[in-house]
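Student: Okay, here's the structure, questions in a sec.
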Amino acid sequence: MQLFKFTQPVNFMRIKWPALVLSVLLVFGSFASIFSKGINWGLDFTGGTVIEVGLYQPADLTAMRDTLAAAGYPDAVIQLFGSSKDVLIRIPLRPDLAQEKVGEAVLQALNYQQAVPVELRRVEFVGPSVGEELKQDGGMALLVALIGILLYVALRFEWRLSVGAVLSLAHDVILTVGLFSVLQLEFDLTVLAAILALIGYSINDTIVVFDRLRESFRKLRDATVDETINHAITTTLNRTVVTSLTTVLVLVVLFFLGGALINGFATALLFGIAVGTYSSVYVASAIAEVLGISREDMLPPPVAEQEGEHISTL
Amino acid sequence: MLNKNPAWRYLVVIGMLLLTLLYALPNLYPEDPALNISASRGGTVTEQTRLQLQQTFSDAGIAAKSVELQDGKIIARFSNAEQQLQALDQAKNLLGRSYTSALSLMPATPAWLTAIGATPMKLGLDLRGGVHFLLAVDMQAAMDKQLNDMVSAFRSDLRQADIRYLSVKADLAQGQITLSFRQSEDLKQAATLLSKQDNQFVITESVEDLSLRVALTEQRQREIRNYALEQNITILRNRVNEIGVAESVVQRQGADRIVVQLPGVQDTAQAKEILSATATLEFRLVDTDSDLAAAVAGRLSANADLYHSADGRPVLLEKRVLLTGDHIIDAVSGYDEYSQPKVSIKLDTAGGNLMSDASKSAVGRRMATVFIEYKPGSELNADGTAVLVKQQEVINDATIQMRLGRDFDITGLNSPAEAQNLASLLRAGALIAPIQVIEERTIGPSLGKENIALGLAAIQWGLVAVVLFMLVYYKAFGLVANVALAANLVLIVGFLSMIPGATLTLPGMAGIVLTVGMAVDANVLIFERIREELAEGRSVQQAINLGYERAFATIADSNITTLLVALILFGVGTGPVKGFAITLAIGILTSIFTAVVGTRLLVNLFWGGRRLQSLPL
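Each protein sequence line maps, in turn, to chains S and C.
Residues 20 to 333 (the numbering used here) make up the first sequence, in order.
Residues 3 to 619 (the numbering used here) make up the second sequence, in order.
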């Protein structure tokens with residue numbers, strides 16, 4: 020079984036300009052949303068207290084809200100979490116509150132109202148400094164990862180490809196963060212991990228295409244740059260789609276079976292991989308072409324040949 | 003002949019798989035509810051204690067699976083949680099306050115696996131339930147205290163050297179001390195005096211206003227910060243041991259943070275108060291004039307207080323406090339010239355003077371060390387927090403052999419262990435930097451169990467989906483890739499069990515699921531390449547060989563970049579992100595091994611070295 024059987028290379032690059040314009044528009048759209056609507060930062064980043072309790076009957080959220088307001092938490096956000104008996108309560112940071120006591124106080128107030136005591140499932144308190152640091156550390160990790168990839172690809176391939184790869188990665192990250200902003204999904208630590216994993220996944224895709232591009236440049240001596248890129252993308256298309264499919268398969272499973280805590284992680288990766296697959300086909304190669312990559316730039320890279328020889332003894 | 007492998011290569015790969023499988027095995031065994039019993043301060047657990055416990059359990063009709071003495075602790079295993087709780091009550095009744103009994107889950111790994119060092123994966127708190135605290139040490143307070151101590155030390159140093167000064171003042175905001183003088187000779191002399199002190203200070207002379215500005219060197223500042231952190235860690239360890247939590251973690255994180263993890267603890271309020279309780283020390287003379295028996299009976303004389311030592315012995319101490327613990331700079335355990343255990347104490351200058359004055363007239367008398375801790379009691383304040391109860395205990399008393407100064411030793415200790423314990427308590431008494439809880443996560447035990455179940459289900463069904471897809475899409479070659487995928491999972495679990503610091507968390511499980519989806523990528527690359535080579539008209543054997551060879555460069559390139567990302571994630575991330583990065587990195591390495599080396603062996607075995615017209619691909 021094979022998904023695609025092409026006798027001729029597909030002319031992907033014919034729509035490279037519309038694709039690039041679309042990507043630029045999406046990136047701007049994401050930025051617009053990030054700056055206007057902002058990001059719905061999770062507890063890990065904002066600081067505050069989250070309390071998850073299990074009830075023995077379906078929750079009466081209005082009554083719980085009243086109880087907590089009476090107990091001095093009118094700003095508590097209460098919502099169901101996963102099931103009708105599972106309730107998540109968020110208390111934002113407030114300078115006048117001894118935050119580390121909030122968890123117990125809320126639990127006491129709830130137990131007072133409920134005939135049967137609620138079951139404490141989870142209390143998380145994060146101080147204000149921790150969240151700020153996490154944002155900085157996360158941003159730092161992203162930046163270091165992108166620079167690391169920029170250097171590695173420039174070293175192993177060529178600087179134009181390197182710029183193409185990094186811009187396409189930035190594109191994937193910005194669009195994914197944009198999605199979280201547009202839909203106001205909660206951006207917590209697992210989403211950050213997903214975005215970092217996404218970089219790892221998306222660069223994988225891009226490198227596979229680049230590797231083939233280098234080979235095609237050497238093999239097709241009379242072809243134009245457009246034709247060569249088309250050839251490289253077409254020959255790797257089966258692999259690109261199959262790998263994306265298997266990854267999407269497990270992510271769908273994770274999305275439905277992984278539970279509420281892992282939901283953001285699965286959402287970010289599902290969307291990111293869809294975008295990443297598109298960007299490694301269009302954005303990365305198209306940018307390299309726009310930057311003026313040519314056959315001559317790719318010619319004497321003897322490293323790959325040597326490695327090939329070496330590996331054949333495996 | 004093309005695509006044939008020597009037999010040893012199969013043996014190596016099979017051997018490696020079996021070895022990892024062996025180390026992955028402990029994860030299949032469930033955990034026993036258990037009781038960990040250890041002695042508190044000063045006591046020891048003996049075979050006698052073990053026999054007593056065993057007898058008590060059987061008298062109470064509790065069938066313990068085993069009661070064993072291990073590394074100075076008794077571990078009793080039970081078949082269910084109910085027996086475990088009953089046993090806890092029995093143990094507490096029998097042993098009383100001088101022993102700590104902690105509930106725990108002990109892995110039921112068979113002895114032959116434990117013997118080769120195979121242990122199950124460590125589960126993160128999100129999977130097993132418990133409390134996680136992140137504490138920040140107030141370094142500013144530590145520095146301020148240091149500067150204030152220096153001010154009094156400078157004053158007495160100058161007085162002793164007969165150098166006249168106008169004032170010695172600490173400027174906390176600037177982190178320096180200003181000494182001003184009347185005459186420039188005094189200033190010169192003072193500068194020489196101070197510069198003799200172990201290169202601790204950066205001294206700036208200013209001749210115009212006749213003053214010296216003294217700041218701490220970078221190195222000395224670093225030392226102080228490290229000291230404050232290490233000291234807090236020691237104190238926290240002692241307290242965590244006191245709460246009696248098995249497998250607890252107290253660990254440094256970064257420059258001024260401490261992570262405390264207490265698996266299984268549910269009452270965070272209590273844990274937090276015990277952790278943030280303050281402790282102090284006092285040195286007092288033993289009162290030998292008053293009547294001890296009368297004091298025990300309740301008739302206390304006016305100038306004495308009644309105390310108890312750790313083993314319950316009553317001691318009468320004078321009301322006058324010779325010295326408080328905040329003057330202690332350092333306390334280390336060691337051996338004296340007769341190879342007897344001792345604790346060497348170093349005081350700050352002011353403390354040295356106090357001690358010197360006080361001990362001058364007390365040579366030959368006994369001096370006691372009192373350890374004072376504020377712990378939450380059963381009464382509540384108006385705001386619902388527990389009232390802190392002052393607990394005092396004589397941890398040591400010793401005869402003063404001579405006039406004491408800034409440095410002195412406590413000898414006559416029973417064992418090196420006691421010396422170590424005393425030293426850490428003495429250091430604990432002088433808590434120089436307060437700590438604050440800046441992050442807290444409590445996961446209930448039911449949520450932990452649910453998280454494990456969810457993670458396992460996701461791995462299972464993810465695996466099923468990918469395996470089916472590969473079978474349909476690549477037929478027999480898909481089967482080969484699936485065998486590699488299964489081997490890959492065994493390798494991941496095996497390595498996670500072997501690496502001592504690796505902890506499995508929920509995001510880590512998500513990482514494994516993701517690995518399942520991405521691990522087949524290498525095989526997809528190889529198989530697609532073989533198809534291409536076949537389509538270009540190469541023979542079957544050539545296609546297999548070229549397919550693996552050409553795909554490898556791509557696989558290496560793409561995985562090295564992903565590995566790079568995993569390493570960065572590990573370096574920058576904390577807690578759960580680190581766990582995720584570890585599983586991701588291990589997954590990348592093992593998947594290259596199984597998908598490239600492993601499948602090649604299988605492919606060569608089934609289809610290599612033969613004349614074939616086509617491949618089941």
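Just so it is clear, CB atoms sit at the ideal spot from N, CA and C, and this is done for glycine as well.
Please work out which residues of its chain come closer than 7 Å, Cβ to Cβ, to Ala110(C), disregarding the five sequence neighbours upstream and downstream, and give them in chain order.
Tutor: The residues are Tyr31, Pro32, Glu33 and Asp34.
Student: Closest by CA to Ala285(S), which one among Ile292(S), Leu270(S), Ala279(S) and Tyr297(S)?
Tutor: Answer by Cα proximity: Leu270(S).
Student: Please name the residues in the segment 447-459 of chain C whose beta-carbon is closer than 8 Å to at least one beta-carbon of chain S, in chain order.
Tutor: Going along the segment 447-459 of chain C in chain order, one finds Ser448, Leu449, Glu452, Asn453, Leu456, Gly457 and Ala459 with a Cβ nearer than 8 Å to chain S.
Student: Within 10 Å of its beta-carbon, does Thr563(C) have 16 or more other beta-carbons around it, so buried, or fewer, so exposed?
Tutor: With 16 or more Cβ atoms within 10 Å of its Cβ, Thr563(C) is classed as buried.
Student: Looking only at its chain, what residues have a beta carbon closer than 8 Å to the beta carbon of Val228(S), apart from the 5 residues adjacent to it on each side?
Tutor: Ala251, Ile252, Thr255, Thr259, Ser299, Val300, Ala303 and Ser304.
Student: Return the first residue and the last residue of the alpha helix (DSSP H) that Arg613(C) is part of.
Tutor: Per DSSP, Arg613(C) belongs to no alpha helix (DSSP H) and is neither H nor E.
Student: Starting from Glu320(C), trace the beta strand (DSSP E) both ways and give me its first and last residue.
Tutor: Note, Glu320(C): beta strand (DSSP E), Pro316 to Thr326.
Student: Can you tell me the Cα-Cα spacing of Gly17(C) and Trp10(C), whole angstroms?
Tutor: Taking the straight line from one Cα to the other gives about 10 Å.
Student: Taking Ser560(C) as the reference, which of Pro111(S), Ser221(S), Val267(S) and Asp79(S) has the closest Cα?
Tutor: Checked all of Pro111(S), Ser221(S), Val267(S) and Asp79(S); the closest Cα to Ser560(C) is Ser221(S).
Student: So, does the CB of Ala568(C) fall closer than 9 Å to a CB anywhere in chain S?
Tutor: Chain S contact via Cβ: present.
Student: How would you list, in chain order, the residues of chain C whose beta-carbon sits under 9 Å from the beta-carbon of Leu270(S)?
Tutor: Within 9 Å Cβ-Cβ: Gly464, Val515, Leu516 and Gly519.
Student: Which residue or residues does DSSP assign as beta-bridge partners of Val142(S)?
Tutor: Bridge partners of Val142(S): Ile70(S) and Thr444(C).
Student: Between Leu428(C) and Leu283(C), which are expected to be in contact by the criterion C-beta below 8 Å, what is the C-beta distance as a whole number of angstroms?
Tutor: Rounded, the Cβ-Cβ distance is 6 Å, consistent with contact.
Student: Since Ile39(C) and Leu97(C) should fall inside the 8 Å C-beta cutoff, what is the C-beta to C-beta distance between them, to a whole number of angstroms?
Tutor: With a Cβ gap of about 7 Å, Ile39(C) and Leu97(C) count as contacting.
Student: How is Pro109(C) classed by DSSP in three states: helix, strand or coil?
Tutor: In this structure, Pro109(C) counts as strand in the three-state DSSP scheme.
Student: According to DSSP, simplified to helix, strand and coil, what is Leu13(C)?
Tutor: In the structure shown, Leu13(C) sits in a helix (DSSP, three-state: H, G or I).
Student: Kindly indicate which residue of Phe64(S), Gly101(S), Ala51(S) and Leu62(S) has the alpha-carbon position closest to the one of Val72(S).
Tutor: For the residues Phe64(S), Gly101(S), Ala51(S) and Leu62(S), the minimum Cα distance to Val72(S) belongs to Gly101(S).
Student: Is there at least one Cβ from chain C nearer than 9 Å to Leu289(S)'s Cβ?
Tutor: Output row for Leu289(S): interface = no.
Student: Going along chain S in order, which residues have a C-beta closer than 8 Å to the C-beta of Ile179(C)?
Tutor: Chain S residues near Ile179(C): none, gap ~29 Å exceeds 8 Å.
Student: For my contact list, Arg233(S) and Phe176(S) are in at a C-beta cut-off of 8 Å; report their separation, rounded to the angstrom.
Tutor: Contact holds; Cβ gap of about 7 Å.
Student: Short of 9 Å Cβ to Cβ, which residues in the segment 224-240 of chain S face chain C?
Tutor: Under the 9 Å Cβ criterion, the segment 224-240 of chain S contributes Asp224, Thr225, Ile226, Val227, Phe229, Asp230, Arg231 and Glu234.
Student: Check each residue of the segment 465-489 of chain C: if its Cβ is closer than 7 Å to any Cβ of chain S, include it; give the result in chain order.
Tutor: Listed in sequence order: Ala467, Val468, Phe471, Val474 and Tyr475.
Student: Pull up the CB-CB distance for Glu535(C) and Ala545(C), whole angstroms please, since I reckon it's below 8 Å.
Tutor: The pair is a contact, with the Cβ atoms about 4 Å apart (cut-off 8 Å).
Student: Quick one: is Leu264(S) near chain C, going by C-beta distance under 9 Å?
Tutor: It does; some Cβ of chain C falls within 9 Å.
Student: Would you call the segment 596-607 of chain C in contact with the segment 525-532 of chain C, where contact means no fewer than 3 C-beta pairs closer than 8 Å?
Tutor: Judged by Cβ distances under 8 Å, the segment 596-607 of chain C makes contact with the segment 525-532 of chain C, as three or more pairs qualify.
Student: Can you look up Asp332(C) in the DSSP assignment and give me helix, strand or coil?
Tutor: Reduced to three states, the DSSP call for Asp332(C) is strand.
Student: To which residues of the same chain is Ile454(C) closer than 6 Å at the C-beta, ignoring the five residues directly before and after it?
Tutor: For Ile454(C), where only same-chain residues beyond five positions count, the Cβ hits under 6 Å are Leu129.
Student: Expressed to the nearest angstrom, what Euclidean distance is found between the alpha-carbon atoms of Arg552(C) and Tyr171(S)?
Tutor: Their backbone Cα atoms lie some 20 Å apart in a straight line.
Student: Is Ala189(S) a contact residue of the ligand NAD, with contact defined as CB to any heavy atom under 8 Å?
Tutor: By its list of ligands, the structure shown contains no ligand whatsoever, and the ligand NAD lies outside what it can speak to.
Student: For Asn398(C), write down the residues that DSSP places opposite it in a beta bridge.
Tutor: Thr371(C).
Student: Just to confirm, are Thr371(C) and Ile397(C) a CB contact at a threshold of 9 Å?
Tutor: Taking 9 Å as the Cβ cut-off, Thr371(C) and Ile397(C) qualify as a contacting pair.
Student: Using DSSP's beta-bridge definition, name the partner residues of Ser49(S).
Tutor: For Ser49(S), which the question treats as bridged, DSSP gives no partner whatsoever.
Student: Below 7 Å between beta carbons is the criterion; list the residues of the segment 144-177 of chain S that meet it against any residue of chain C, in chain order.
Tutor: Listed in sequence order: Phe144, Val145, Gly146, Ser148, Val149, Asp156, Met159, Ala160, Val163, Ala164, Gly167, Ile168, Tyr171 and Arg175.
Student: Report buried or exposed for Trp114(C), applying the criterion of at least 16 other Cβ atoms within 10 angstroms of its Cβ.
Tutor: Trp114(C) is exposed by the Cβ-count criterion.
Student: What are the residues in the segment 130-151 of chain C lying within 8 Å of chain S by C-beta distance?
Tutor: So the close ones are Leu136 and Ala138.
Student: Would Arg367(C) count as contacting chain S if we go by Cβ distances under 9 Å?
Tutor: Not one chain S Cβ lies under 9 Å of Arg367(C).
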